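Chains X and G, in that order, give the protein sequences. The working numbering puts the first residue of the first sequence at 89, with every later residue one more than the last. The working numbering puts the first residue of the second sequence at 89, with every later residue one more than the last. No residue lacks a Cβ here, since even glycine has one placed at the ideal position from N, Cα and C. Here the structure is a predicted model, which means the values were calculated and not measured. To start, the structure itself, in structure tokens.
Number of protein chains: 2
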Amino acid sequence: MNDERVWTAALLVIGDEILSGRTQDRNVAQVASWLNRQGIRLAEVRIVPDDEQRIADAVNAMRTQNDYLITTGGIGPTHDDITVDSIALAFGVPVIVHPEARRILEEYYATRGGLNDARLRMARTPEGAELIQNEESGAPGVKIGNVYILAGVPSIAAQMLEALDGKLEGGRPVVSVTVGAYAAESEVADILRETEASHPGVVIGSYPFFRDGRHGANFVLRSVDGPLAEGTADELSRRLVEAGLDPVRGGI
Amino acid sequence: MNDERVWTAALLVIGDEILSGRTQDRNVAQVASWLNRQGIRLAEVRIVPDDEQRIADAVNAMRTQNDYLITTGGIGPTHDDITVDSIALAFGVPVIVHPEARRILEEYYATRGGLNDARLRMARTPEGAELIQNEESGAPGVKIGNVYILAGVPSIAAQMLEALDGKLEGGRPVVSVTVGAYAAESEVADILRETEASHPGVVIGSYPFFRDGRHGANFVLRSVDGPLAEGTADELSRRLVEAGLDPVRGGI
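What follows is the structure, given as structure tokens:
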């Protein structure tokens, strides 16, 4: 159990629109959930501006420290879409027009006004890359080495993730079991710490809330060993009852 | 103009709950907007797990590369709240119980069951730190050097940001002007690129959408020179009209 291989991924979100506060990011949660289903742990996220060198530096730091790197954003047809160029820079390879991507776009735009220079930008990849299917908008995602280059629009990123389902090697997914209680975190802090300490392989997070005029918290137990997480939740619930609380399995 | 000092900040979001996909982050957009009002540019965001060494490494990388570093998350009363310890590690200083923070918490909990060990955890700071006021939950934020340690709960983080309003030196805020049009990005890519190229000091981002069965895009012009951004938006609108489009100032 303890020497089980843990597969990790990093996520690089590329886009001035996120850093300016204009756009609420939706890809972190979506990619995190998808990775967990593949048995891969999201180990780090970075959000960087539309700047080639900064993107390239982040790509090289993150792809070497993790099994996989996923990027979102910056692969459209306009001048501010510089992800492919930046990742080619990171890998030290030229940018080419990928023949298969060109064919896909020609077909997609055949009934939509034809392929112009801007649209052809979306057929550019770092040399040596493969394509990731995208049925929604025609323009494919790109894979080079352990780097997966996805669209920034969440619905298109979701389609590309679906196309990758089951294709990245991973380990066992992390199982989460939630126990909620109307209690101040600070009243149950000892119980949480002791329960976690006596159950190696389970990590307990505590997430307070204030709702309908009452303070409470959800305690999330995470483990790759599902039965162990469930058993630890039983033990935690028992201790919360002993402390005079009324824990709710599944959370509040 | 061109040698105007640009103030930058980084944001470090600390928390397994974001990386697991359980919790949708709300602090990136909130901190980004707040920073812009202070005339400070959000240059990078990282999200890291609840791991002392990883937090400390990110803190040291980001605080040295930016004028300011803001962190959110991990300052509550439970065992998984390790931000203060991690930042003390980053600065190479011990963790102390801050006398003023202790006094604030004693007062806050006087009518709420008193100060126990878990609650006293929230009075711990790196040695040499100052406090950031927080009226909502009693527990203060912490400032050490150029690092501002805020709560992860978005409403509490918002209160701490409010307490910091106007206290961080910055430059001119970035002004955004939006022009929208029902057009495929790929049809106007040349116009966007040329308009940006002929107006140094203005950056144009293009954000496509598909809504009510129609494709369109919003073009966001950003500059610290508000009149320049407005004038460039006039020019962009003129060119879009010439191309047979019907641009909407303020966006669609």
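Neighbourhood of residue i by C-beta, 8 Å cutoff - its chain only, sequence neighbours within 5 removed
i: V336(G); result: V267, G268 and A269
i: T111(X); result: G103 and E105
i: L193(X); result: L203, R207, L208, M210, A211, G226 and A227
i: N148(X); result: A178
i: E92(X); result: G259, R260 and V312
Residue i versus residue j - alpha carbon distance
i: A178(G); j: G338(G); result: 44 Å
i: W95(G); j: D113(X); result: 23 Å
i: N234(X); j: L99(X); result: 12 Å
i: I244(G); j: Y197(G); result: 17 Å
i: D253(G); j: E195(X); result: 53 Å
i: N306(X); j: E323(X); result: 15 Å
i: V119(X); j: R191(G); result: 43 Å
i: E223(X); j: P214(G); result: 52 Å
i: G341(G); j: D205(X); result: Residue 341(G) lies beyond the residue range present for chain G, which begins at 89 and ends at 340; the question has no answer from this structure.
i: L328(G); j: Y295(G); result: 16 Å
i: S274(X); j: I128(X); result: 32 Å
i: A146(X); j: R134(G); result: 11 Å
i: L238(X); j: N115(X); result: 10 Å
i: R326(X); j: V241(G); result: 28 Å
i: E132(X); j: K231(X); result: 19 Å
i: A246(G); j: E188(X); result: 48 Å
i: A321(X); j: Y236(G); result: 35 Å
i: P315(X); j: D139(G); result: 25 Å
i: N124(G); j: G258(G); result: 9 Å
i: G229(G); j: I292(G); result: 36 Å
i: F297(X); j: D278(G); result: 49 Å
i: G109(G); j: A176(G); result: 28 Å
i: I170(G); j: T152(G); result: 21 Å
i: V183(X); j: V262(G); result: 33 Å
i: L157(G); j: Q221(G); result: 18 Å
i: T199(G); j: R302(X); result: 16 Å
i: V185(X); j: M248(X); result: 20 Å
i: M150(G); j: D300(G); result: 42 Å
i: Q141(X); j: S121(X); result: 29 Å
i: M89(X); j: H287(X); result: No answer about M89(X) holds up, because its pLDDT of 44 lies below 50 and its placement is not dependable.
i: I340(G); j: A117(X); result: 27 Å
i: L172(G); j: E282(X); result: The identity of residue 172(G) in the sequence shown is Val, whereas the question assumes Leu. The straight-line gap from Cα to Cα measures roughly 21 Å.
Where residue i meets chain X, residues with beta-carbon distance less than 8 Å
i: D104(G); result: V291, G293 and R310
i: R207(G); result: S274
Where residue i meets chain G, residues with beta-carbon distance less than 7 Å
i: T166(X); result: E273, A277, L280 and S294
Check whether residue i and residue j have beta carbons under 8 Å apart
i: E284(G); j: V290(G); result: yes
i: V181(G); j: R260(G); result: no
i: D155(G); j: A97(G); result: yes
i: G166(X); j: L280(G); result: Checking the sequence, you will find Thr at residue 166(X) rather than Gly. The answer is yes: Cβ separation under 8 Å.
i: L126(G); j: L219(G); result: Correcting the residue type first, residue 126(G) is Gln in the shown sequence and not Leu. Not in contact: Q126(G) and L219(G) (Cβ atoms no closer than 8 Å).
i: S174(G); j: A217(G); result: no
i: L130(X); j: L107(G); result: yes
i: G304(G); j: A331(G); result: no
Sequence-distant residues of its chain with Cβ nearer than 6 Å to residue i (five each side left out)
i: E250(G); result: none
i: S264(X); result: V308 and R310
i: G164(X); result: none
i: T160(X); result: V101, N115, L238, G240 and A245
i: P137(G); result: D104 and L107
i: G201(X); result: none
Interface residues of chain G facing residue i [CB-CB closer than 9 Å]
i: I135(X); result: L99, V116, L130, E132, V133, R134 and I135
Proximal residues of chain X, C-beta to C-beta of residue i below 7 Å
i: N204(G); result: S274
Partners in chain G for residue i, counting only beta-carbon separations shorter than 8 Å
i: E284(X); result: H167
Cβ neighbours of residue i in the same chain (closer than 7 Å, five flanking residues each side left out)
i: E318(G); result: V265
Please list the residues of the segment 108–124 of chain X that have a C-beta atom closer than 9 Å to any C-beta atom in chain G, keeping them in chain order.
S108, G109, R110, T111, Q112, D113, R114, V116, A117, Q118, V119, A120, S121, W122, L123 and N124
To be precise: take each residue of the segment 254–269 of chain X, compare its Cβ to all Cβ atoms of chain G, and keep it if any distance is under 8 Å. Which residues remain?
V262 and S264
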